[in-house]
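Only one structure is covered here, and it is reproduced in the block below.
Residue numbers (my numbering): 6 to 423.
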């Protein structure tokens, strides 16, 4: 993408998750772009009504109810237009400058190539004006060392001739599709604590999580791990490294894993629209919800009343951790706004400012699914000998009279509870 002098707000409202992921990957990597994924028309309308100013709304939907906002819409026909053409058109729309027929692409996109599909240039200044010097020819090899040298010189982008955008984008997309479709990477690749996956095996069978759900959850967690470890937002990267490597966070890591599986089973077994997408969001919530808890033992303070045992800054930190975690992840461009909101709401407060004494009726239904799943996972991990039925009875009692009660009551139809 082009380097823009001001933040560009781009809404991606695309039917296909794969196409949306690919497009996001192509447009990411530039701090001047704020990419917001939209999942339904109501969400888009609410954002516009709240005053969100989009420079561009990229969509394959027919948006007929946006009124004056239609001028912002870039309509894409996914049946007749290939994505490489779309990317080129978006580049043109968002560009504040096209220097003499050249356009820039962020360095990270070039990591997908061993041989370049197009001629590549570097931008220099000659007599105060842009000057482009050819650095690579099409089919030249480009190495990690080449890209590191560019970075060391403060360069964040390389330049293409404008007519090359379509071919370049098409080649990147081909590579990205393969990466997105990968089911997993090795445990060592994501620096995971291998024993976590083995020790949870019996627990997964005990509660009756289906193998297909486990496979899907593994894919989501692997993608989140890869994104976290390659994130330019240091707190995100540091958090995943700590979570996966620090033995004092072993319980926390297991809870993330088990909660993701329980959320996945809950959503995929019940009546939700776009089930896979909804469940994958909760995988992100599980990973990031408690990342602002600075001490491992804080994970065990799970209610407003329990937090009263703490003093001073510790008490404040535990009570407000949902909001703090949400604020941290908003800085990561691979974490969507709805995941950030769910993180804020994961204890039942609309804004996450504190763990509430009473669970609000004004949070996302997905937050209720998360609450009952995490509490179930926590109870099972605290006492692995506890029968699942006893855990279920405890959850029913805990959530009686709250909006979560309905979701707790559905558990016998979702899990092996006898």
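Backbone N, C-alpha and C fix where the C-beta goes; we use that ideal spot for every residue, glycine too.
The DSSP-derived three-state label of residue 252 is helix. The segment 293-310 makes no contact with the segment 267-278: fewer than 3 CB pairs, one atom from each, lie closer than 8 Å. Under the three-state reduction of DSSP output, residue 109 falls in the strand class.
The residue among 298, 359, 169 with its C-alpha nearest the C-alpha of residue 106 is 169. Residue state for residue 141 is assigned as strand, using DSSP reduced to three classes. Excluding the 5 residues flanking it on each side, residue 283 has same chain C-beta neighbours closer than 7 Å at 272, 277, 371, in chain order.
Taken through DSSP and simplified to helix, strand or coil, residue 129 comes out as strand. Going by DSSP, residue 333 is part of the alpha helix (DSSP H) stretching over 326-334. One Cα belongs to residue 323, the other to residue 290, and the distance between them is close to 17 Å. Between residue 365 and residue 347, the C-beta gap is not smaller than 9 Å, which leaves the two residues out of contact.
Per DSSP, the continuous alpha helix (DSSP H) segment holding residue 221 begins and ends at 216-234. Excluding five sequence positions before and after residue 242, the CB atoms of its chain that fall closer than 7 Å to its own CB belong to 233, 234, 236, given in chain order. DSSP, read as helix, strand or coil, puts residue 64 in strand.
In this structure, residue 139 lies away from residue 120, with their beta-carbon atoms at least 9 Å apart. Under a 10 Å Cβ-count criterion, residue 392 is classified as exposed, with fewer than 16 other Cβ atoms of the shown protein chains found around its own Cβ.
One alpha carbon belongs to residue 77, the other to residue 27, and they sit about 22 Å apart.
Cβ atoms of residue 396 and residue 378 stay farther apart than 8 Å, at about 12 Å. One thing to note: residue 136 has its Cβ within 9 Å of the Cβ of residue 128. No Cβ-Cβ contact shorter than 9 Å links residue 46 with residue 17. A direct Cα-to-Cα measurement between residue 329 and residue 295 gives close to 9 Å. Residue 404: member of the alpha helix (DSSP H) spanning 393-404, first to last residue.
Under the three-state reduction of DSSP, residue 121 is assigned to coil, being neither helix nor strand. The criterion of a C-beta distance shorter than 9 Å is not satisfied by residue 251 and residue 22. In the DSSP annotation of this structure, the continuous segment of the beta strand (DSSP E) that includes residue 79 starts and ends at 78-80.
By alpha-carbon distance to residue 167, the top candidate from 222, 217, 319, 95 is 95.
Each of 24, 40, 19 was checked against the Cα of residue 340, and the nearest Cα belongs to 40. DSSP places residue 340 outside both helix and strand once states are collapsed to three, so it counts as coil.
Taking residue 327 as reference, the option from 171, 319, 353 with the minimal CA-CA separation is 353.
With contacts defined by Cβ atoms closer than 9 Å, residue 81 and residue 43 do not form a contacting pair. Cβ-Cβ distances below 7 Å link residue 218 to 266, 269, 270, 273 in the same chain, with the five nearest sequence neighbours on each side left out; the list follows chain order. Scanning the segment 143-172 for uninterrupted alpha helix (DSSP H) segments of 4 residues or longer gives 149-157, listed from N- to C-terminal end. With contacts defined as CB atoms closer than 9 Å, residue 293 and residue 225 fail to qualify as a contacting pair. For the options 258, 113, 130, 171, the alpha carbon positioned closest to that of residue 148 is the one of 113.
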